[in-house]
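Accompanying notes for the structure given below.
There are 2 protein chains.
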Amino acid sequence: MTDTKITLPESDIPTHFYNIAPDLPTPMPPPLHPGTKEPIGPEALAPIFPMGLILQEVSQERWIEIPDEVRNIYRLYRPSPVFRARALEEFLDTPAKIYYKSEHVSPVGSHKLNTALMQAWMNKQEGVKRLATETGAGQWGSALACACRLMGLECMVYMVRVSYDSKPYRRIMMKTYGAEIIASPSTTTRAGRTILAKDPQSPGSLGIAISEAIEDAAGRDDTKYALGSVLNHVLLHQTIIGQEAKKQMELAGDYPDIVIGCHGGGSNFAGLAFPFLRDKLKGERPALRAIAAEPASCPSLTKGAREYDFGDTAGTTPLMMMHTLGHDFIPPPVHAGGLRYHGSAPLVSHLLAAGAIEAEAYQQREVFKSAVDFARCEGTIPAPESAHAIHSAIRHALAARASGEKKIILFNLSGHGIFDMAAYEAYLDGKMGA
Amino acid sequence: MTDTKITLPESDIPTHFYNIAPDLPTPMPPPLHPGTKEPIGPEALAPIFPMGLILQEVSQERWIEIPDEVRNIYRLYRPSPVFRARALEEFLDTPAKIYYKSEHVSPVGSHKLNTALMQAWMNKQEGVKRLATETGAGQWGSALACACRLMGLECMVYMVRVSYDSKPYRRIMMKTYGAEIIASPSTTTRAGRTILAKDPQSPGSLGIAISEAIEDAAGRDDTKYALGSVLNHVLLHQTIIGQEAKKQMELAGDYPDIVIGCHGGGSNFAGLAFPFLRDKLKGERPALRAIAAEPASCPSLTKGAREYDFGDTAGTTPLMMMHTLGHDFIPPPVHAGGLRYHGSAPLVSHLLAAGAIEAEAYQQREVFKSAVDFARCEGTIPAPESAHAIHSAIRHALAARASGEKKIILFNLSGHGIFDMAAYEAYLDGKMGA
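Residue numbers (the numbering used here), protein chains in the order written: chain L, 1 to 434; chain P, 1001 to 1434.
If you want it as structure tokens, here you go:
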């Protein structure tokens, strides 16, 4: 019997991040200053990001070296295995082969640690002592809290009030790593106080928390800001996922017909897909399909216009060209909290506009059905976010059964669902909305 | 730089369980019938266990083959890595090398799945359709629920009422795997109804839940009972942990001076230690120290007498010779719920009496301090149970610093602490009792 897990030795942890920018079919529209509408230069971001990350953000170099210290900490959980989902294939009675890359094996339970470690390292090189960030349900916040601790930085997390109160477990995880966590809106920033003056009972929002974290970083010399998705450099750091997966698929003797990632801001999809897309953009794999699976309740790629918009709700970031539902779009409270973002990463949006990738949108109940089927076949309970990718993979595997095609499908299991048991209960009890 | 993780290919998943019985320095005292006080034969257990497991329980064969179907499912998470805890060593400034076997990587987050899969398989061979068990905090129940699903059996879990109400996440996990869960005491068994008649608000206990599960199994032709620790065959199944670890330590070029497991019923300690103890019992490694680390609040090994006692609170099991605090001992509600058992496995008790192993007992607050130190160095948040092994390892590493000895320490990280965030919060907020 061939192996269930395709593993790589630590020496196969990638030495470089893959930057897709030089391989794009057309150049990216630049980010614009919200006042002048002129393209902004790197210096515009310097108050909140370290220069090393800003240079990665605008780099046209295809390969960007990963520092040894970061690679050494990646050894705690990388290379992550690729699994062949045999029991799921059997359950679906499909001729397709289903593989999944397992980013849920990181200590914090998701792919977010990949970029958190690199961001913390770069800040440390430039003398930064403390990072500020926002978090909704807490996946990104706990990744940055862990990364800061492992790199010896302090970490300040503005956590959306409603999650702070109703989802204590991620908050405690951040605290265990030594981070400071405050419910947002808070009284410690002007942005927070302004909101609280209008509505003392404000439940908060990701947009408000971003404003608070940026204000914190901009106002202190020892502090910078960190973002967990959307930006070019964040997607860049996640490409270690796809690079490892390419080697692993080669070991399995298969090349995927379809690669799938769930889509919120775009980083886990990009992380898996971009290294494969390089082959497509070079013309070597013209038939490769790369699919971003998003929630029907927050359909930035499938329903959003591609236009210049703000990255945050308050409208303080540069304008970015992206598929967006409007920066004031408030997604309904679906359980896949990590996918509740109004826009899509500019790089992902650009590739969609160029026809290089596809997008699909799914309802939450059908997604949870697939999540439960997966757990009952493969043992691992997936994050509701990742379950969007699972659902897409299952649909394509069933299509392959109908057509009799031996498709090779690879998806990204970006996180586990251990913190999401309440959502599973709602689904199992028939109390989940569409 | 040498690797952080020492991994093995799937072909190195053990082919046999290691049975320590034939290597014991003196024979084990037999289990006795509670009425006649005569040694019981295998047939006495037949109403609740399948004959295949009963034969393993009493076997004197050193190596017992693992069925292919079980080995194939082990591939989902085995061989589990051994980590070198470099960051922890540095933090402790110790010349000792600290290694840990990582059983927390299983889909259910602990070593319990190792025996759950083997037990489910054996029952399936004998035509059993359904397994009944008890669970306290839920670690064992979720492992058996997962194993039953993967093997195609039904699963019925009697969950202690107070955990059922206050710890919903493990309950939902079991439900996600398709198990039926009922709060114990329940009205579906005579044992449960008797308790409820006296005390309708009974919070339940592990002892009551065991009685309900045994009654369920004994009363239905399609159902058997499954236990997650204590018995010989359960410890036997866990020896795949130590067998893998021996190969991994060989690859690392080290042989441990000290192996450590936390101790509740004894199965994770035995799983890691027994394959190493074989070398000691053969006289090849006379200096090897095997340490069982238990909570000071439930000190069966360090304070309990070794005598014949019941395995359950109600006194319905055969009498077993073991270190025990008395079958009516009610441990205080410490956070390491998996270690709250009045007795110790007969095999572990026998080895302690023979001087082949040692035991240590620790207070919960010092254990949590070590758990947090570990999480902040290594990233992974450990289960409170496993943190007893971590604390012991840290103490021995600090002793090595004091004496300047380059000790080799190996402990078992039997589970992760993601379900135990409330306990971490109590510790971090200074609200945890000693």
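From the three backbone atoms N, C-alpha and C, an ideal C-beta is built for every residue, glycine too.
Exposure of tryptophan 1063/P is indicated by the presence of fewer than 16 other C-beta atoms within 10 angstroms of its C-beta. Histidine 1033/P counts as exposed, since fewer than 16 other C-beta atoms from the protein chains shown sit within 10 angstroms of its C-beta. Out of Met321/L, Ser184/L and Asn19/L, the CA that lies nearest to the CA of proline 30/L is found in Met321/L. When DSSP states are grouped into helix, strand and coil, proline 200/L belongs to the coil group. Bounds of any alpha helix (DSSP H) do not take in aspartate 309/L; it lies within the beta strand (DSSP E) bounded by 305 to 310. Linking threonine 316/L to isoleucine 330/L through their CA atoms gives a straight-line distance of about 17 angstroms. Considering only Ser267/L, Gln248/L and Tyr74/L, the residue with the shortest C-alpha distance to glutamate 294/L is Ser267/L.
Contact note: glutamate 10/L reaches chain P through Asp1003, Thr1004 and Lys1005, using a C-beta cutoff of 7 angstroms and chain order. Measuring C-alpha to C-alpha distances from phenylalanine 276/L to each of Tyr255/L, His263/L, Gly264/L and Val234/L identifies Tyr255/L as the nearest.
The C-alpha of histidine 391/L is placed about 15 angstroms away from the C-alpha of glutamate 358/L. Annotation note: the region 1244 to 1292 of chain P contains the following uninterrupted beta strand (DSSP E) runs of length 3 or greater, listed N- to C-terminal: 1258 to 1262. Note on glutamate 65/L: under 16 other CB atoms within 10 angstroms of its CB, so exposed under the neighbour-count rule.
Residue burial annotation: glutamate 360/L is buried, with at least 16 other C-beta atoms found within 10 angstroms of its C-beta.
Annotation: the continuous beta strand (DSSP E) that includes phenylalanine 1083/P extends over 1082 to 1084.
Listed along the chain, the chain P residues whose CB falls inside 8 angstroms of the CB of glycine 178/L are Arg1376. Boundaries of the alpha helix (DSSP H) harbouring glutamate 1425/P: 1421 to 1428, taken from the DSSP string.
Contacts with chain P (Cβ-Cβ distance below 7 angstroms) from the region 56 to 75 of chain L involve Asn72 and Arg75, listed in chain order.
DSSP places phenylalanine 374/L in the uninterrupted alpha helix (DSSP H) bounded by 364 to 378. Residues of the region 1158 to 1178 of chain P with a Cβ closer than 9 angstroms to any Cβ of chain L, in chain order: Pro1168, Tyr1169, Arg1170, Arg1171, Ile1172, Met1173, Lys1175, Thr1176, Tyr1177 and Gly1178. Scanning its chain for C-beta atoms nearer than 8 angstroms, with the 5 sequence neighbours on each side dropped, one finds around threonine 4/L the residues Phe83, Arg84 and Arg86, in chain order.
In terms of Cα proximity to lysine 129/L, the closest of Arg161/L, Arg149/L, Ala426/L and Pro27/L is Arg149/L. When the beta-carbon positions are compared, alanine 245/L and lysine 431/L stay at least 9 angstroms from each other. In this structure, serine 163/L places its C-beta atom within 9 angstroms of the C-beta atom of glycine 138/L.
For asparagine 1019/P, the closest alpha carbon among the candidates Leu1251/P, Phe1274/P, Leu1088/P and Ile1181/P is that of Phe1274/P.
Taking 4 residues as the minimum length, the alpha helix (DSSP H) runs contained wholly in the region 1314 to 1353 of chain P are 1346 to 1353, in order along the chain. One finds Ile1172, Met1173, Lys1175 and Thr1176 in chain P with Cβ atoms closer than 9 angstroms to the Cβ of tyrosine 424/L, taken in chain order.
For valine 372/L, the neighbours in chain P by C-beta distance under 7 angstroms run, in chain order, Thr1176.
Contact residues of the region 377 to 391 of chain L toward chain P are Cys377, Glu378, Gly379, Thr380 and Ile381 (C-beta to C-beta distance below 9 angstroms).
By the rule that beta-carbons nearer than 9 angstroms mark a contact, alanine 1087/P touches chain L.
Taking a C-beta distance under 9 angstroms as the contact criterion, aspartate 257/L and alanine 287/L qualify as a contact pair.
Here aspartate 1216/P is near threonine 1188/P, since their CB atoms are less than 9 angstroms apart. If you compare the alpha carbons of His1416/P, Ser1370/P and Gly1415/P with that of alanine 1397/P, the shortest gap goes to Ser1370/P. In the three-state scheme derived from DSSP, where H, G and I count as helix and E and B as strand, valine 230/L is classed as coil. Assignment of glycine 35/L by DSSP, reduced to helix, strand and coil, places it in the coil class.
Here the C-alpha atom of tyrosine 424/L lies approximately 18 angstroms from the C-alpha atom of arginine 340/L.
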